[in-house]
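Peer 1: First, the structure itself, so that you have it in front of you.
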Amino acid sequence: MRLPKLVVTLFITSVLAACSSQPLIKSSIGEITQVGKASFYADKYHGRTTANGERFSQQAATAAHLEFDFGTKVVVTNLANNKSVIVRINDRGPYVRGRIIDLSKSMFKKIADPKVGVGMTPTVKLNALIPA
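Numbered per this note's numbering, the sequence shown spans residues 894 to 1025.
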């Protein structure tokens, strides 16, 4: 009975490892950054429960990240146009290789055009705001 649990655990671990893209980089002064692709939630997730128990809203300044703690505020900067937003992490994801953050649609619209298509997701830089 233990072998199937081990197989499932190893499978899930390998899937999550494959989903991760760029590593988090911590500077000597404690700043945490990451560079990769951003995406936004599909409309079908509006009103659903997020991983921290909140109801998801496409209008909220929130996002999903695989590693940042819930409640972490993150500056998301589109490297192509230098537009930025500040979001709070309240969910886990994205689970698509190469993507590092899923934004609510309203936050995504502030830094990029949501009509560009899946293959043209913007490259962004994340800076975690660490409380002093």
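Note that beta-carbon positions come from the ideal geometry of N, C-alpha and C, so glycine has one too.
#1: Hey, how far is the Cα of Asn945 from the Cα of Asn974?
#2: Grouping DSSP H, G and I as helix and E and B as strand, with all else coil, what is Ile1023?
#3: Helix, strand or coil for Ser936 per DSSP?
#4: Beta-carbon within less than 7 Å of Tyr938's beta-carbon, same chain only, minus the 5 sequence neighbours each way: which residues are those?
#5: Taking Ser999 as the reference, which of Asp936, Val928 and Thr942 has the closest Cα?
#6: Which residues share a DSSP beta bridge with Gln927?
#7: By the 10 Å Cβ neighbour count, where 16 or more other Cβ atoms means buried, how is Asp995 classified, buried or exposed?
Peer 2: Quick look at the numbers:
#1: The residue labelled residue 945 in the question sits at position 52 within the sequence shown. The residue labelled residue 974 in the question sits at position 81 within the sequence shown. Answer to the nearest angstrom: the Cα atoms are 31 Å apart.
#2: Stepping through the sequence shown from its first residue, residue 1023 is reached at position 130. Looking at Ile1023 - three-state DSSP - the assignment turns out to be coil, as it is neither helix nor strand.
#3: If you number the sequence shown from 1, residue 936 lands on position 43. This sequence places Asp at residue 936; Ser is not what is there. Residue state, collapsed to three classes: helix.
#4: The residue you call residue 938 lines up with position 45 of the sequence shown. Contacts found: Phe949.
#5: What you label residue 999 is simply residue 106 of the sequence shown in a count that begins at 1. The residue with the shortest Cα to Cα distance from Ser999 is Asp936.
#6: Numbered from 1 along the sequence shown, position 34 holds the residue referred to as residue 927. For Gln927, which the question treats as bridged, DSSP gives the partners Leu1019.
#7: Mapped onto the sequence shown, residue 995 falls at position 102. Counting Cβ neighbours within 10 Å, Asp995 comes out buried, since at least 16 surround it.
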